[in-house]
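Below is one structure, written out as structure tokens, with a few remarks after it.
There are 2 protein chains.
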Amino acid sequence: MNCSRVEGFRSLTRVDIALKRFLKAVESRQVKSELLPISKAAGRVLAADVVASRDLPSHDLSIVDGFAVRSIDFEHLPSEPLVLKRVGESILGKPCKATVKRLQAIAVSTGSIVPMGADSVVPVEDVTFLPRGSVLLTIRALCGQNIVLKGEDVSRGKVVLKKGACLRPQDLGLLKAMGVGKISLVAKPRVAVISTGSELVETLHKASSGQIVDINRLILSSLVTQSGAVAVDLGIVKDRKGSIITALKRAIESSDLVLVSGGSSVGQRDLIPSCVNALGKPGMLVHGVAMRPSMPTGLAVVKKTPIISLPGFPVSAMFAFLVFGRPMIGKLGGMRIVDRTETAVLADPVRGVKGFRTFIRVTLRKTPKALLAEPVRSQKSSVLMSMISADGYIIVPEDANEVLANHSVKVTLLS
Amino acid sequence: MNCSRVEGFRSLTRVDIALKRFLKAVESRQVKSELLPISKAAGRVLAADVVASRDLPSHDLSIVDGFAVRSIDFEHLPSEPLVLKRVGESILGKPCKATVKRLQAIAVSTGSIVPMGADSVVPVEDVTFLPRGSVLLTIRALCGQNIVLKGEDVSRGKVVLKKGACLRPQDLGLLKAMGVGKISLVAKPRVAVISTGSELVETLHKASSGQIVDINRLILSSLVTQSGAVAVDLGIVKDRKGSIITALKRAIESSDLVLVSGGSSVGQRDLIPSCVNALGKPGMLVHGVAMRPSMPTGLAVVKKTPIISLPGFPVSAMFAFLVFGRPMIGKLGGMRIVDRTETAVLADPVRGVKGFRTFIRVTLRKTPKALLAEPVRSQKSSVLMSMISADGYIIVPEDANEVLANHSVKVTLLS
Numbered sequence: 001m002n003c004s005r006v007e008g009f010r011s012l013t014r015v016d017i018a019l020k021r022f023l024k025a026v027e028s029r030q031v032k033s034e035l036l037p038i039s040k041a042a043g044r045v046l047a048a049d050v051v052a053s054r055d056l057p058s059h060d061l062s063i064v065d066g067f068a069v070r071s072i073d074f075e076h077l078p079s080e081p082l083v084l085k086r087v088g089e090s091i092l093g094k095p096c097k098a099t100v101k102r103l104q105a106i107a108v109s110t111g112s113i114v115p116m117g118a119d120s121v122v123p124v125e126d127v128t129f130l131p132r133g134s135v136l137l138t139i140r141a142l143c144g145q146n147i148v149l150k151g152e153d154v155s156r157g158k159v160v161l162k163k164g165a166c167l168r169p170q171d172l173g174l175l176k177a178m179g180v181g182k183i184s185l186v187a188k189p190r191v192a193v194i195s196t197g198s199e200l201v202e203t204l205h206k207a208s209s210g211q212i213v214d215i216n217r218l219i220l221s222s223l224v225t226q227s228g229a230v231a232v233d234l235g236i237v238k239d240r241k242g243s244i245i246t247a248l249k250r251a252i253e254s255s256d257l258v259l260v261s262g263g264s265s266v267g268q269r270d271l272i273p274s275c276v277n278a279l280g281k282p283g284m285l286v287h288g289v290a291m292r293p294s295m296p297t298g299l300a301v302v303k304k305t306p307i308i309s310l311p312g313f314p315v316s317a318m319f320a321f322l323v324f325g326r327p328m329i330g331k332l333g334g335m336r337i338v339d340r341t342e343t344a345v346l347a348d349p350v351r352g353v354k355g356f357r358t359f360i361r362v363t364l365r366k367t368p369k370a371l372l373a374e375p376v377r378s379q380k381s382s383v384l385m386s387m388i389s390a391d392g393y394i395i396v397p398e399d400a401n402e403v404l405a406n407h408s409v410k411v412t413l414l415s
Numbered sequence: 416m417n418c419s420r421v422e423g424f425r426s427l428t429r430v431d432i433a434l435k436r437f438l439k440a441v442e443s444r445q446v447k448s449e450l451l452p453i454s455k456a457a458g459r460v461l462a463a464d465v466v467a468s469r470d471l472p473s474h475d476l477s478i479v480d481g482f483a484v485r486s487i488d489f490e491h492l493p494s495e496p497l498v499l500k501r502v503g504e505s506i507l508g509k510p511c512k513a514t515v516k517r518l519q520a521i522a523v524s525t526g527s528i529v530p531m532g533a534d535s536v537v538p539v540e541d542v543t544f545l546p547r548g549s550v551l552l553t554i555r556a557l558c559g560q561n562i563v564l565k566g567e568d569v570s571r572g573k574v575v576l577k578k579g580a581c582l583r584p585q586d587l588g589l590l591k592a593m594g595v596g597k598i599s600l601v602a603k604p605r606v607a608v609i610s611t612g613s614e615l616v617e618t619l620h621k622a623s624s625g626q627i628v629d630i631n632r633l634i635l636s637s638l639v640t641q642s643g644a645v646a647v648d649l650g651i652v653k654d655r656k657g658s659i660i661t662a663l664k665r666a667i668e669s670s671d672l673v674l675v676s677g678g679s680s681v682g683q684r685d686l687i688p689s690c691v692n693a694l695g696k697p698g699m700l701v702h703g704v705a706m707r708p709s710m711p712t713g714l715a716v717v718k719k720t721p722i723i724s725l726p727g728f729p730v731s732a733m734f735a736f737l738v739f740g741r742p743m744i745g746k747l748g749g750m751r752i753v754d755r756t757e758t759a760v761l762a763d764p765v766r767g768v769k770g771f772r773t774f775i776r777v778t779l780r781k782t783p784k785a786l787l788a789e790p791v792r793s794q795k796s797s798v799l800m801s802m803i804s805a806d807g808y809i810i811v812p813e814d815a816n817e818v819l820a821n822h823s824v825k826v827t828l829l830s
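If you read the sequences in order, they're chains A and B. Once you know that position 21 of the first sequence is 21 in our numbering, the rest is easy, because the numbers rise by one and skip nothing. Once you know that position 234 of the second sequence is 649 in our numbering, the rest is easy, because the numbers rise by one and skip nothing.
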């Protein structure tokens, strides 16, 4: 490694080992749950199994407009046509007390209750209306035809949705059909977001000031929300031990995960690691990860609350979040966060650094032959445009020096 | 086709033709835009190009803690070590007025301005401190080393984000860095959601009532939100012409797209098509689509507002929405909605209906050999559980009768 910054770290930890250690350290943390109306439950994670409290449908229902009949009456069809007597109607949205007896038919609508005695519904299109309330049928009615049976969709007592399921539109529909009003959901993890750096300002009033607009809080908060958690913005903190410790204390008390960007390395002004260690045990679990970018990343746990010390460059902060923050949010939120990926053909060779997991930003371009992954021009962590112009990233693994052009690569989408 | 309901339709339109006709009919509709603060812009679509209003960074900045030097001073290295005189410090977050002259060095921090005269930064790790404010260097400093140049990331006047782009966390960061406070975004389409059916109720008080809990509004509203639009719930309407026309009028006036479920077929109680036609021109463009489920779907435009008449069964309503509603929302919202897909191996053969596009719900199961797509037991449109247990769906195209087991299939995820 020809990077002098590495020398400042006692040792670098492999990405997979670092992540495993970080996740393991919060294993004793309880997943919290909350009761919410189903109208607010879209995309949320079930905290417990849901058992069907009623049959769906609650009666045998017709799925067409037509006549409810007894299939047994049709035994002599097709040799002789069948004439049935209309004896009433099952009205949509009303109870049905009538019964179909031998050679009788009762009119039904799509969704109305199939009367007692009937086991088949003949669609109105197959019926000829005769005078004096009779109907003529020339096609055999089969048992069960055009009927959805009581409990056919859902039978009472059955587990219909499992703990850990992420609720989709149809799942909400099912809950509503079951008469569920409120539902126990895994609480969204609260993630505190802090930026540190004496050069940082919220808005730039004068370009020559040497100040820099803090964009990490906005980027990280937005990534946090996208990952299904709640971002808690705790502002900008200057590079002063006291201020940092105060901010971190507040963050630990009010949230399930803390993201603090800037000051994560080993320089004089990199105060985060020592501040974190001052707050309590076990403190820093990992400091320095064998990855590019984002090598100066720290992973810590204080009072059971996980803390990620992210590098200050926005690009590095993003990769540190994607690699460690997203899986941690998934763990705290009881959900499996799946990255969207595409398989593509690498257009140009890319180099990695032996022993490091290297993240190469790429753009995707569809050609008649293949989906091409083209590395973006600048891969510097100081160049935000490398993330703006990228559609995703590929990984050069620790045991490889490079990936050759025309190789098939898995692109994780940045979207 | 051995389904008598088909007979009621004069003709069925192929899915692709129906969709094309529907989208074409709203071509003259203007995409609306709105000005919003960037903090509310995540996931939203840009209504115009964004041009960089400043250089990023606004000065040459150091990316390490170290010393700003002139690379030309190093010309005799490595033959003789170099001693430079410290003449000041560029403080983080402050302007820098000092200049580096011949055989001088100025201390810099990560992120501080590189002083005039300097073209290289030597990391502090490579420096030996000498008495009386001098520093000793034994490694050559290369021009440009450890400096991010003014405008290197973004140069003023350049288009940095294009109209139609969906804003990601890093894009918001860039906007903030540019000093952008509010941004012109495509307005989210407003989608009115109506359920029709005299049997429908909001909550079931008595199971024997013959009433059915309306779940389509909840499911469709949730799908609408998921697709990036705003759902406007206009409630349940009874199967009465007057009520339906009143509700549709209100919907057309207040929204960009209308979804009305129930009463979409050709029976006596299927009032939507005639009500839509009574409201204005061109009215129904398509009634009856060659697809399974959701065949009794209607597509209409009245006073430039698109209307989808969806079948009442929740499963059918969902497929009608996925096939026609999502692309229409994409068009109205100026965005390309991409479905998430997986390639899998079909576990069991599935049948289609010749001439129809058939949607088969499947579950996905990972095996050591492959990702398996297993068709769910019941494919009936009356069975909501077919959507609950499904992870996605595959398509049997119009010109196929079946897809054989072990074939590779594209699964569109329902998530």
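Built from N, CA and C at the ideal position, the CB exists for glycine as well.
### Query
Would you call the stretch 218-227 of chain A and the stretch 449-465 of chain B in contact, with 3 or more CB pairs under 8 Å?
The stretch 218-227 of chain A, when compared against the stretch 449-465 of chain B, does touch it at the 8 Å Cβ threshold.
#### Entry: Limits of the unbroken alpha helix (DSSP H) element including Ile63 of chain A
Where Ile63 of chain A is concerned, there is no enclosing alpha helix (DSSP H), given that its DSSP letter is neither H nor E.
### Message
Would Leu834 of chain B and Val673 of chain B qualify as a contact pair, given that the criterion is a beta-carbon distance under 8 Å?
### Response
This structure cannot settle anything about residue 834 of chain B, because the visible part of chain B is limited to 416 through 830.
### Task
Assign Cys690 of chain B to one of three DSSP states: helix, strand, or coil.
Helix, per DSSP.
### Message
Can you tell me whether Ser255 of chain A is helix, strand or coil according to DSSP?
### Response
Looking at Ser255 of chain A - three-state DSSP - the assignment turns out to be coil, as it is neither helix nor strand.
### Interface residues of the stretch 93-111 of chain A facing chain B [CB-CB below 7 Å]
Near chain B, meaning a CB-to-CB distance below 7 Å, the residues of the stretch 93-111 of chain A are Gly93, Lys94, Pro95, Cys96, Ser109, Thr110 and Gly111.
### Message
Going by DSSP, what residue range makes up the beta strand (DSSP E) through Met699 of chain B?
### Response
That run of the beta strand (DSSP E) goes Pro697 to His702.
### Query
At which residue ranges does the stretch 168-207 of chain A contain complete alpha helix (DSSP H) runs of 4 or more residues, listed in the order of the chain?
Fully enclosed alpha helix (DSSP H) runs of 4 or longer: 169-177.
### Query
In whole angstroms, what separates the C-alpha of Ile453 of chain B from that of Ser254 of chain A?
C-alpha separation (whole angstroms): 26 Å.
### Message
Suppose you measure from the CA of Leu61 of chain A to the CA of Val148 of chain A; what does that come to, to the nearest Å?
### Response
Distance between the alpha carbons of Leu61 of chain A and Val148 of chain A: 5 Å.
### Query
Span of the alpha helix (DSSP H) holding Ile17 of chain A?
That run of the alpha helix (DSSP H) goes Val15 to Lys24.
### Message
Please state the DSSP three-state secondary structure of Ser71 of chain A.
### Response
The answer is helix: DSSP assigns Ser71 of chain A an H, G or I state.
### Message
Between which two residues does the alpha helix (DSSP H) holding Ile219 of chain A run?
### Response
It spans Asn216 to Gln226 - the alpha helix (DSSP H) in which Ile219 of chain A sits, taken as one unbroken run.
### Message
Can you give me the C-alpha to C-alpha distance between Pro472 of chain B and Ser227 of chain A, rounded to a whole angstrom?
### Response
Whole-angstrom Cα-Cα distance: 29 Å.
### Query
What's the C-alpha gap between Ala607 of chain B and Pro721 of chain B?
When the Cα atoms are used, Ala607 of chain B and Pro721 of chain B turn out to be separated by approximately 11 Å.
#### Entry: Within 8 Å, strictly: CB atoms of Leu142 of chain A and Ser90 of chain A
Their beta carbons are not under 8 Å apart, which means Leu142 of chain A does not touch Ser90 of chain A by this criterion.
### chain D within 8 Å of Thr618 of chain B, Cβ atoms only
The structure shown contains no chain D; the protein chains it does contain are A and B.
#### Entry: Coil, strand or helix - Lys410 of chain A by DSSP
DSSP places Lys410 of chain A in strand when its eight states are reduced to three.
#### Entry: Near-chain A residues of the stretch 581-593 of chain B - C-beta to any C-beta below 7 Å
Those residues of the stretch 581-593 of chain B placed with their C-beta closer than 7 Å to a C-beta in chain A are Arg583, Pro584, Gln585, Asp586, Leu587, Gly588, Leu589, Lys591 and Ala592, ordered along the chain.
#### Entry: Inter-residue spacing [alpha-carbon to alpha-carbon] between Gly807 of chain B and Leu828 of chain B
Cα to Cα, the separation comes out at about 4 Å.
### Query
Taking a cut of 8 Å between CB atoms, which residues from the stretch 142-163 of chain A lie near chain B?
Residues of the stretch 142-163 of chain A with a C-beta less than 8 Å from any C-beta of chain B: Val148, Glu152, Asp153, Val154, Val160 and Leu161, listed in chain order.
### Task
Assign Val83 of chain A to one of two classes, buried (16 or more other C-beta atoms within 10 Å of its C-beta) or exposed (fewer than that).
Val83 of chain A is exposed by the Cβ-count criterion.
### Query
If you check the beta carbons only, do Val411 of chain A and Leu372 of chain A fall under 8 Å apart?
Taking C-beta atoms as the reference points, Val411 of chain A and Leu372 of chain A fail to come closer than 8 Å.
#### Entry: Backbone CA spacing between Val135 of chain A and Phe74 of chain A [nearest angstrom]
Distance between the alpha carbons of Val135 of chain A and Phe74 of chain A: 13 Å.
### Task
Measure the C-alpha to C-alpha separation of His205 of chain A and Gly312 of chain A and round it to an integer number of angstroms.
In a straight line, the C-alpha of His205 of chain A is about 21 Å away from that of Gly312 of chain A.
#### Entry: Ile394 of chain A and Arg357 of chain A closer than 8 Å at C-beta
Between Ile394 of chain A and Arg357 of chain A, the C-beta spacing is not below 8 Å.
### Boundaries of the alpha helix (DSSP H) in which Leu747 of chain B is found, first to last residue
Note, Leu747 of chain B: alpha helix (DSSP H), Arg741 to Leu747.
### Message
Let me see if you follow: with CB-CB separation under 8 Å, is Glu402 of chain A close to chain B or not?
### Response
No, its Cβ sits nowhere closer than 8 Å to a Cβ of chain B.
### Short CB-CB distance (under 8 Å) between Val383 of chain A and chain B
Under the Cβ criterion of 8 Å, Val383 of chain A is counted among the residues facing chain B.
### Task
Please list, in chain order, all residues of the same chain as Ala400 of chain A whose beta carbon is under 7 Å from its beta carbon, the five residues on each side excluded.
Within its own chain, the residues whose Cβ lies closer than 7 Å to the Cβ of Ala400 of chain A, once the five positions on either side in sequence are excluded, are Gly352, listed in chain order.
### Query
Where Val479 of chain B and Val160 of chain A are concerned, what is the direct C-alpha to C-alpha distance, given to the nearest angstrom?
Distance between the alpha carbons of Val479 of chain B and Val160 of chain A is about 57 Å.
### Task
Check the Cβ-Cβ distances between Thr13 of chain A and every residue of chain B, and say whether any is below 8 Å.
For Thr13 of chain A, not one C-beta of chain B is nearer than 8 Å to its own C-beta.
### For Lys719 of chain B, three-class secondary structure by DSSP
Here Lys719 of chain B sits in coil by DSSP.
### Touch test, the stretch 195-203 of chain A against the stretch 230-245 of chain A, Cβ-Cβ under 8 Å, three pairs minimum
Under the three-pair Cβ rule at 8 Å, the stretch 195-203 of chain A counts as touching the stretch 230-245 of chain A.
#### Entry: Integer-rounded CB distance, given that Pro708 of chain B should sit under 8 Å from Phe736 of chain B
About 12 Å; that fails the 8 Å criterion.
### Query
Just how far apart, CA to CA, sit Val441 of chain B and Cys581 of chain B?
The alpha-carbon separation between Val441 of chain B and Cys581 of chain B amounts to approximately 22 Å.
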